[in-house]
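In my numbering, the protein residues as written are 393 to 757.
Report on one structure; see the data block that follows.
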Ligand SMILES: [Zn+2]
């Protein structure tokens, strides 16, 4: 959505002027003359005439990824996303007056899950693969995190979930600099990302992975979709020292860190849940879901149409069914909630133990 409360925060991403006005269907800059169209559900505030060297895979391949990421329908915050969301809430302590930014929001699921708790929830991303629930509840802005279209000191709080690991170092620095600029003094921001560091518990964690790989070899399930999702992870901040140094450089003071040594989590994700998906997704649904879009003849599609019943399809199907069960808040919902709490034990028990995945709460100095 594009609520009225969003407009006072905006500034021109092309020339940084605050001199903006609204005409039918667009926001215009009085200084440089750029126009920013309002689309259904979100506002396009991408900088005009700028060329950036780096473009995220999610932007470059948005259309192709759209189907695969299965982003439009939102499930409740459960499993790994549930653990992230619960920790986010603990660290940021939202209040009803907070103006909050989800920078690099993706489908804006975290923004949507928490929008009701705050005064204004803004989601910002260069790709516009927004979930339906986000379009209904979150102020959505298509923008580039290196030149955010928001005035200085606009936000009380903000967060960045699964974002930094996708960027090269110069983009990370620009991202953090802009984050610091748009936060109010004393404003707080949570980052969830990961470095290349290994958990001290890795040998034990690997047991779950090996068990998962065994099931893959036996054809019970596969990890295609995960592999695709992680295919552009750069992890330019290689160590925890790199993370702290980048924060300091941006003027963001670390307040609290919680590491995620994924002992329980890996077991749940690589064994328990995959087995569940394999069982639930195994049977084909009625043929009406077998939508085959005819590609334009010149496009030379690389995707094989014949064996679409691969792991990805099966997993998406399983997810769709899970979501059906979850809407009803029955046994499946409460079971998954219990599994989520089990995964969260990783934070309670090992959150102090330095490892690759981290939640970092920082404060603007
Ligand atoms: Zn301008």
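Quick reminder that beta carbons are idealized off the backbone N, C-alpha and C, glycines included.
Comparing the CB of residue i with every heavy atom of ligand 1, is any distance shorter than 7 angstroms?
i	result
residue 406	yes
residue 418	no
residue 409	yes
residue 543	no
residue 421	yes
residue 426	yes
According to DSSP, what are the bridge partners of residue i?
i	result
residue 515	494 and 532
residue 551	494 and 582
residue 755	580 and 645
residue 607	None; residue 607 has no bridge partner.
residue 575	547
residue 420	413 and 427
residue 650	751
residue 542	402
residue 434	431
Contact check, residue i vs residue j under 8 angstroms by CB: the rounded distance?
i	j	result
residue 556	residue 655	About 23 angstroms separates the two Cβ atoms, so there is no contact after all.
residue 735	residue 657	5 angstroms
residue 552	residue 597	Actually they do not touch by this definition, with Cβ atoms about 25 angstroms apart.
residue 484	residue 396	Contact flag wrong, Cβ pair sits at about 24 angstroms.
residue 631	residue 589	6 angstroms
residue 522	residue 434	6 angstroms
residue 534	residue 517	7 angstroms
Quick check: what's the CA-CA separation for residue i versus residue j?
i	j	result
residue 566	residue 543	16 angstroms
residue 644	residue 660	34 angstroms
residue 430	residue 529	16 angstroms
residue 653	residue 564	24 angstroms
residue 514	residue 504	9 angstroms
residue 741	residue 400	44 angstroms
residue 448	residue 558	7 angstroms
residue 419	residue 411	10 angstroms
residue 719	residue 538	37 angstroms
residue 398	residue 743	36 angstroms
residue 405	residue 422	13 angstroms
residue 725	residue 732	10 angstroms
residue 470	residue 728	7 angstroms
residue 497	residue 607	33 angstroms
residue 511	residue 600	42 angstroms
residue 756	residue 572	6 angstroms
residue 682	residue 705	The predicted model places residue 682 with a pLDDT of 42, which falls under 50 and marks its position as unreliable, so this point remains unresolved.
residue 446	residue 641	21 angstroms
residue 415	residue 407	19 angstroms
With a threshold of 7 angstroms, establish whether the CB of residue i neighbours any heavy atom of ligand 2.
i	result
residue 535	Summarising the ligand content, the structure contains ligand 1 and does not contain ligand 2.
Out of the options, which one is the CA nearest neighbour of residue i?
i	options	result
residue 578	413, 548, 586 and 486	548
residue 488	606, 625, 478 and 507	507
residue 639	561, 485 and 405	561
residue 428	402, 453 and 451	402
residue 593	407, 749 and 465	749
residue 707	668, 437, 453 and 491	668
residue 626	610, 587 and 574	587
residue 409	468, 432, 704 and 439	439
residue 611	753, 666, 479 and 475	666
residue 613	437, 541, 424 and 703	703
residue 709	519, 671 and 739	671
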